[in-house]
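So the structure is just underneath, and the comments pick up after that.
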Amino acid sequence: MNVRADAMAVVVAVLLVATGPVVAVTGAASAGQRQSSPFAVQQDRIDADEVRMDVALRPNGTAEWTLEFWVRLDDEESTTAFESLQEEIRNDPENHTQSFADRMNETVATASTATGREMTADGFDVTTARQSLAREYGVVRYTFRWEGFAAVEGDDLRAGDAVEGLYLDDGTRLLLTWPKGYERTSVTPEPDDERDRAVIWRGGGTDFVSGEPQIVVTDGGAGPSTAAMATAAVILGGLAVAGAWWYRTRGSATAGTTGGGDGRESDSDSEPVPTGGSGTAPTAATDDGSTSTGTADAPDTDLLSNEEQVRRLIAERGGRMKQQAVVEELGWTDAKTSKVVSGLREDGRLESFRLGRENVLSLPEADDEQSEGSSEGNT
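When we follow full-length UniProt numbering, the leftmost residue of the sequence shown carries the number 1, and every step to the right adds one.
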C-alpha cells in the first residue's frame, strides 16, 4: 500500500446534507442512521476511535467550536499513515480546511434559517497532534467560530437550537462550556457528566429528541453594580475629606508646639518622621538610586500567552502538575489545554508522563534540578 493510500485510511471526511438544524456525527458502524442531518462526520475506510466536540459559549452568543478525531496508533501501518497525513496538513493546511469551511458554512446557513437568527462561521483551522494516554493516539483537530450559535436574551444565554436532535454514536461526546460569571439555569436532557462551568453528553447513553440539547445560563452579575460603585465613591470621598482635615489639624498642632514654650527645639519636634506621602509606607533606596515602596506588582495574566500561563502555573506548583488540574485552574476546555500542551511538548518546553490514569505535566528544568539534587546527595 502506498503512502497516499495509507494516509487516506485516516482522513476525516465531513459530509454535509443541508436539510435542517440537526447535526449528526456518525461512523461506518452507524451508516444509514439519520442520514438527513446537516453534517455527518465519517471516516474513509476506518472509524475514529473517539470523536470529541467541544463548544465554548461567549457572552455575545458566539461559540468556539473544536472537533477532534482520535485515531488509535496501535500498529506500524496506522502510525505511518497518520504521520503522512500530519505532514500534508502542516505543509498545506488551507487545502484541508477549505472544503470543511464550505460545508460548515452551508450548515450554519441552514441553522440560521431554522432558528430565525443571524449566523456566520469563520476562523477555520486544522491541526494535528499525537497524544500519549493509556495508548498512543493521532488527533486531527478542526476549530472555527460560530457566531450567533446561542441566543442572547437579556442576561441569559440560550444554546442548543442550532444543533437540535444532534446524534451521538458510541465513542462520541459533546462538551459545552459557558463563560465565567454565568450560572446554569436549566439543561435538557440531564448531562452524563458535569464540570466547573461545563456539561458533557456521551454517545450511547444519550439520545437527543426534539428541543434537545438545550441549556440556559444567566449572567450572575459578578461585576460591581452602578449603585455599589456610587456608594464606594461616596465612601472614598468622605475618607479623603477626613484625611485632609486630619492632616491640616495635625500640621497646626505641630506648628504650635515648635513655636511656643521656652524656645527650645528637640530633634524629634523639628524633624517630623517622613511618611512618604499620606499614610504610605516609607520608601527604600535601591542600588541604582531609585526608590521602592516594598511592594511588587504581580504580572497580569492577560499579558501572558497561553503557553506562558501553563508554564507559570506548573512552576508555581513545584514544576509538576496533573493536566486535568491545569484545565480546572485556568478554566479552559480540554481541547484548548491539550492543544497548548502539545505545542509545548513539541518545542521541548514541557514533558508529560502517565501516573495511573492521570496525565502529569512537568517542566524539563524542574526535572533537571531534581536530578542534580539527587546526584549531589549521593556524592
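Heads up, the beta-carbon is just placed ideally off N, CA and C, and yes, glycines get one too.
Around the Cβ of residue i, are there at least 16 other Cβ atoms within 10 angstroms (buried) or fewer (exposed)?
| i | result |
| --- | --- |
| residue 380 | There is simply no residue 380 to check, as the chain begins at 1 and stops at 379 in what is shown. |
| N91 | exposed |
| Q86 | buried |
| V209 | exposed |
| F353 | exposed |
| D186 | The amino acid occupying residue 186 in the given sequence is Ser; Asp does not appear at that position. When all chains shown are included, S186 counts as exposed. |
| L363 | buried |
| E212 | buried |
Does the beta-carbon distance from residue i to residue j come in below 8 Å?
| i | j | result |
| --- | --- | --- |
| R184 | Y137 | no |
| T107 | D125 | no |
| A134 | L57 | no |
| A198 | L175 | yes |
| Q309 | N359 | no |
| V51 | G171 | yes |
| D156 | V216 | yes |
| E68 | R117 | no |
| G205 | G181 | no |
| E64 | R145 | yes |
| A151 | G61 | yes |
Can you grab the Cα-Cα spacing for the pair residue i / residue j, in whole Å?
| i | j | result |
| --- | --- | --- |
| R345 | E83 | 17 Å |
| E351 | E76 | 24 Å |
| G203 | L304 | 37 Å |
| G123 | I235 | 47 Å |
| L166 | A366 | 45 Å |
| T218 | T177 | 13 Å |
| L361 | T66 | 22 Å |
| V341 | T333 | 12 Å |
| E164 | F100 | 21 Å |
| A315 | D169 | 40 Å |
| E153 | G318 | 44 Å |
| A81 | E194 | 35 Å |
| M53 | V327 | 16 Å |
| P191 | P179 | 18 Å |
Can you list, in chain order, the residues of its chain with a C-beta nearer than 7 Å to that of residue i? Leave out the 5 residues immediately preceding and following it.
| i | result |
| --- | --- |
| N105 | A121 |
| E329 | L313 |
| T97 | F124, D125 and V126 |
Cutting at 8 Å between CB atoms, please list the residues of its own chain near residue i, excluding the five before and the five after it.
| i | result |
| --- | --- |
| R311 | L344, R349, L350 and L363 |
message: For a minimum of 3 consecutive residues, which ranges assigned as the beta strand (DSSP E) are wholly contained in the UniProt domain "DUF7343" (303 to 364)?
response: 320 to 322, 351 to 355 and 358 to 362
Completely contained beta strand (DSSP E) runs for the segment 63 to 128, where each covers 3 or more residues: 63 to 72
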